[in-house]
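Single-structure report; data block below.
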Amino acid sequence: MVFRWFSKRLSQRSANYLNALIILFCYVSGKTTYRKSETKSNINLDQLQHTLHNYRITDLKRDFLKQRPVAVWITGLPASGKSTLASNLEKALLERGFFTQWLDGDYLRNGLTKDLSFTDDDQEENVRRSAEVAKLFLESNIITICTFISASERLRTLARDIIGTSQFLEVYANCPLEVCVQRDDKNMYGRALHGGVTNLSGVNFPYEPPRFPWLQLYTSYHSVDDCTNQLLEALLPRIKI
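178 is the number that the working numbering gives to position 165 of the sequence shown; each next residue is one higher, with no gaps.
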């Protein structure tokens with residue numbers, strides 16, 4: 014009766030959490046008489062049981078993998094060193110026994126986001142889809158490295174909201190535009206200047222640097238190894254159990 018009295022007065026979401034706790038109590042105490050017929054019609058018991066199942070599975074994965082999942086979201090101009098940094102970071106983590114997944118914007122545009130262009134709306138959809146995929150890997154307790162230009166604070170906030178603030182680690186690969194142009198082995202900047210590429214950040218589309226990144230790496234002044242070590246040193250305390 015007490016549980017039902019509270020459920021009537023709490024919001025739908027709060028009531029769902031409460032009933033999940035009831036299921037957990039019954040499971041732990043051996044009282045398995047909590048039946049679907051005893052719930053209010055607006056409480057989805059199957060969904061609650063699925064949620065509780067996910068909690069248990071997440072704990073098992075965390076115990077098995079022995080790591081805390083985070084999304085390392087590396088942003089920066091094209092050719093600023095994002096992919097090189099991500100590749101080195103993934104290798105360093107794997108060598109230390111961590112389980113990782115690298116999501117690269119260029120790679121995803123060959124498949125998951127192949128149907129998208131570079132308009133404002135499509136760039137937002139590109140980040141949304143990518144962040145949702147990253148979230149799935151985090152739910153599997155996988156450390157996820159994400160390399161996306163994500164040129165505006167709005168886009169990065171979208172990714173942060175999807176992934177969750179506590180697991181979203183924004184890393185800014187800070188590199189001057191002139192150095193990026195020199196490094197550009199794909200000739201993106203050259204094609205953009207001649208109209209071959211539209212909405213390229215730094216040429217015909219503005220790039221808005223992060224205001225308060227979790228970590229800022231000056232990729233034009235420090236070597237790849239130095240930048241990787243800086244990132245690794247900051248990251249390890251966040252992912253070790």
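For every residue, glycine included, the Cβ atom is placed at its ideal position computed from N, Cα and C.
Taking 9 Å as the threshold (C-beta atoms), are residue j and residue i in contact?
| i | j | result |
| --- | --- | --- |
| T157 | F150 | yes |
| N200 | T232 | no |
| P82 | E152 | yes |
| S130 | W115 | no |
| L168 | V140 | yes |
| L248 | L102 | yes |
| L245 | A105 | yes |
| A147 | A205 | no |
| D76 | S96 | no |
With residue i as the anchor, note down where its beta strand (DSSP E) starts and where it stops.
| i | result |
| --- | --- |
| D119 | Segment 118-121 is the alpha helix (DSSP H) holding D119; no beta strand (DSSP E) there. |
| L125 | First-last for L125: undefined, no H or E at that position. |
| A105 | Counting along the chain, A105 falls outside any beta strand (DSSP E), though it belongs to the alpha helix (DSSP H) covering 95-108. |
Would you mind working out which of the options sits nearest residue i, comparing C-alpha positions?
| i | options | result |
| --- | --- | --- |
| K79 | G203, D135, G177, G110 | G110 |
| D198 | A84, D76, P91 | P91 |
| E145 | A164, V216, S130, G177 | G177 |
| S163 | L244, E221, L102, P226 | E221 |
| S143 | I175, E166, I155, D133 | I175 |
| Q180 | W227, P189, D134, P219 | W227 |
| N154 | T126, F112, L125 | F112 |
| D135 | T211, K253, D238 | T211 |
On the premise that residue j lies in contact with residue i, defined as a C-beta separation below 8 Å, what is that separation, rounded to the nearest angstrom?
| i | j | result |
| --- | --- | --- |
| V184 | I87 | 5 Å |
| Y234 | V216 | Between V216 and Y234 the Cβ distance is about 23 Å, and since that is not below 8 Å, they are no contact. |
Where do the ends of the alpha helix (DSSP H) carrying residue i lie?
| i | result |
| --- | --- |
| E145 | 133-152 |
To test your reading of the DSSP string, which unbroken alpha helix (DSSP H) runs of 4 or more residues are found completely within the region 193-242? Runs of the alpha helix (DSSP H) inside the region 193-242: 201-206.
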